[in-house]
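Using numbering that gives the first Met the number 0, read the sequence shown as starting at 0 and increasing by one per residue. Beta carbons are placed, not taken as given, at the ideal position from N, Cα and C, and that holds for glycine.
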Amino acid sequence: MTPAQLLPDSSVRIIDEFIESVLRRVGWRAGRAWWRMDERFATSSWVILGGEAGLLADTESHTLNDGRRRYMEPTLVAAADIDLPPGDREVLLAQGADRVLVVDVAADQSVDVRLLLAPPPGAPVNPEHVDSVRSAMQLVPTVFLQERSKRELGLRAHHDPLTGLLNRRGWERLLTIRTGTVLAGALLFIDLDGFKAINDRHGHRAGDEVLTAVARALTSTVRPNDVVARIGGDEFIVFAADVADDETALAAATRIMRQVQRDILLSTGRVIAVSASTGVSLWRAGEDPSEAIAEADRLMYEAKRLGGGVANRRQDGSLGVVDVVTGRDIHADNDPWVSGTIAVRARRGPDGEATAVLVALAPATASTPPSELASAIVEAVGAAGLSPQLPITVLFRGAGWTRLNRLAALLASLSEAVVDGARVSVALPADARDADVRAAAEDAARELGLQRSVAISQIAGTDLGALMLGGIDAVFLGPRWARSAEPTVGDTAALDALIALTLALGQTLVVVDGQLVDLAALDTPSVEIASSRETKES
């Protein structure tokens, strides 16, 4: 290994410049650096001033012994008495240079170098020469300290101090370099779901732990030639190099995000479920990367609007959003539960008669005026053939409900719009990605004095702590998970565990559009079906 391969380029440059400066000051011609590696030396090339370099320039780098001897003061040593690289001694002697001035310089903790300066053949070496070398060598540690400070400042300028990832400036700089070396790539724009709620409920230290855990998950999952950065509070971005088509980009994004969306154990012992909304777009050589980043950003917001997942633009131009855990397409057009604006299901007793109504609101409804949406809910319940006098439980999804107190305003309007004062209650979304909405729903229920239940869209990524909240009477298991006609062992085991938990907590589990539950086999009134059709038992 040569010094250039083992040390920062700046270290080798500084010493070479130092040698050249000393040679000019004393009027000598050649000098060389030996870099101490444990008790051995790796030698740099000769620094030659003026005229022909002669044979000295032809000598290569070598590893030498003689590591135990130290020259703390500039010392004139006969060429025959020092371990020189093969050929150097002969070359020096052939040119009449039978002496070298040797001094060891400890530049800093990581740099220990021996300098060899060759006087001209036959020229005297007087005390002024030695003093000049001594004075110059005393400046080396200061120069190295300044250089290290510059490197550290540069590092801080381009890196996030909390996670160690690139910051926005570092990301833009490295992305420019990376996109100049590959032909295509995928850009992932990642925004954590419910991060504000984590900070508000558990403190900023917990938030910092979540951010560093996500950073570790990203860096441990991407490939060496990919780029990861934290560009905002809870926003991350990834450039996956050499990804050339939509299918591969979506697969890469899903693989990466599956490692992010998991439970995190905090230093306090509390477990927090983490999820994220992600947009993924393609970039190709010759295109402006900023346009692909902007597209990924837009797609991320589409994913968040639909409740989370990975969003991409399909080849036909349509939007696709995939659930990270299940791999299922959760785009509104392909999920009957959230298609349109309002989904209505009836809770039914053993005789199949409706006992209550569950209303799920698509994220887009958050922008509808509260009184108008309340009237639409009552109409939708009637259109489903259900009595408007039945108790109504409302499930909210999407970040839009956290703004401008929209959620509380709708519940107040709905309580006024229902027939004969039918009871209105709130289903708190238990998915980690909906932590902000859950917090807003809790606040609204407390303010209006409404009963609360919990809604789970899928087992994985669920904050089961939501089930432990006081006053929860029912747990709704959403159709995105419960609809599977061919449940896996994991599906049934997870459902069994969930049933056991709700029974232990005295809650009723309501399976929406479920095919996993055989009510007769369970023989317990604590599990119900919610569906759009009558489900009488035979």
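Using the C-alpha atoms, what's the distance from residue j back to residue i?
i	j	result
R297	L305	13 Å
V11	R113	12 Å
R344	R215	42 Å
P2	W45	Per-residue confidence for P2 stands at a pLDDT of 47, beneath the threshold of 50, marking its modelled position as unreliable; no derived number is given.
A248	A239	8 Å
Q514	G348	The predicted model places Q514 with a pLDDT of 47, which falls under 50 and marks its position as unreliable; any figure quoted below should be read in that light. Each residue's Cα considered, the two are about 17 Å apart.
R437	A243	39 Å
F17	L138	9 Å
L100	T74	5 Å
A56	L91	Any reading at A56 is ruled out, since the residue's pLDDT is 46, under 50, leaving its predicted position unreliable.
W400	H201	22 Å
W27	A135	15 Å
D322	L476	16 Å
A302	A416	32 Å
R69	D159	42 Å
M467	V425	16 Å
Q506	G351	20 Å
T501	R396	22 Å
S338	T364	Here S338 scores only 49 on pLDDT, less than 50, and its place in the model should not be relied on; the value that follows carries that caveat. Spanning the two alpha carbons is a distance of roughly 11 Å.
D97	P223	50 Å
H128	V102	13 Å
R204	L372	39 Å
A291	R168	17 Å
G179	I230	21 Å
If you follow the alpha helix (DSSP H) that residue i is in, where does it begin and where does it stop?
i	result
E208	H203 to T220
P126	P126 to M136
D442	A434 to L447
S424	S424 -> not in any alpha helix (DSSP H); beta strand (DSSP E) instead, spanning V423 to P428.
T253	D245 to V259
R297	P288 to R304
W27	From DSSP, W27 is part of no alpha helix (DSSP H); its letter is neither H nor E.
W170	R167 to R177
Could you tell me whether the Cβ atoms of residue i and residue j are closer together than 8 Å?
i	j	result
W282	G184	yes
L161	T211	yes
D225	V213	no
V380	P369	no
V393	A429	no
T220	I255	yes
A32	S43	yes
W170	A228	yes
L409	T277	no
D233	L165	no
A355	L389	yes
R133	E72	yes
L427	E441	yes
Please report the residue range of the beta strand (DSSP E) in which residue i lies.
i	result
I341	I341 to R347
T74	T74 to A77
L468	It is not in any beta strand (DSSP E) - L468 carries neither H nor E in the DSSP assignment.
E234	E234 to A240
I81	No beta strand (DSSP E) contains I81, which DSSP labels as neither H nor E.
I271	V270 to A272
I455	R451 to I455
S280	A275 to R283
V309	G308 to R312
V321	L318 to V321
I230	Taken as a continuous stretch (DSSP letters only), I230 belongs to no beta strand (DSSP E), as it is neither H nor E.
G351	No beta strand (DSSP E) holds G351; DSSP gives it neither H nor E.
D592	Lying outside 0 to 537, the shown extent of the chain, residue 592 is not represented and no answer is given.
L190	In the sequence as displayed, the identity of residue 190 is Asp instead of Leu. Element bounds for D190: A183 to L191.
T180	Where T180 is concerned, there is no enclosing beta strand (DSSP E), given that its DSSP letter is neither H nor E.
T507	T507 to V511
L264	D262 to L264
Could you say which of the options lies nearest to residue i if we only look at CA atoms?
i	options	result
A353	G384, A342 and L372	G384
V209	I197, S219 and T218	I197
V509	A465, A293 and I455	I455
P119	I81, V132, G505 and V25	V25
A342	G307, L318, E378 and A310	E378
A284	A117, A302 and D241	D241
G121	F143, S131 and A77	A77
I81	A105, L182, V104 and L116	L116
P140	I189, A105 and R312	A105
S317	R257, A293, R269 and D245	D245
A473	L447, N125 and I391	I391
A252	V270, A295, S289 and R269	A295
Could you confirm whether any beta carbon from chain B is found closer than 8 Å to the beta carbon of residue i?
i	result
I236	In summary, chain B is missing from the structure at hand, where a single protein chain is found.
Using 7 Å as the cut-off, classify the Cβ of residue i as near or not near the heavy atoms of the ligand GTP, replying yes or no.
i	result
L210	The ligand GTP is not among the ligands present in this structure, which contains no ligands whatsoever.
Which runs of the alpha helix (DSSP H) spanning at least 4 residues fall entirely within the region 366 to 414, listed in chain order?
-> 369 to 382
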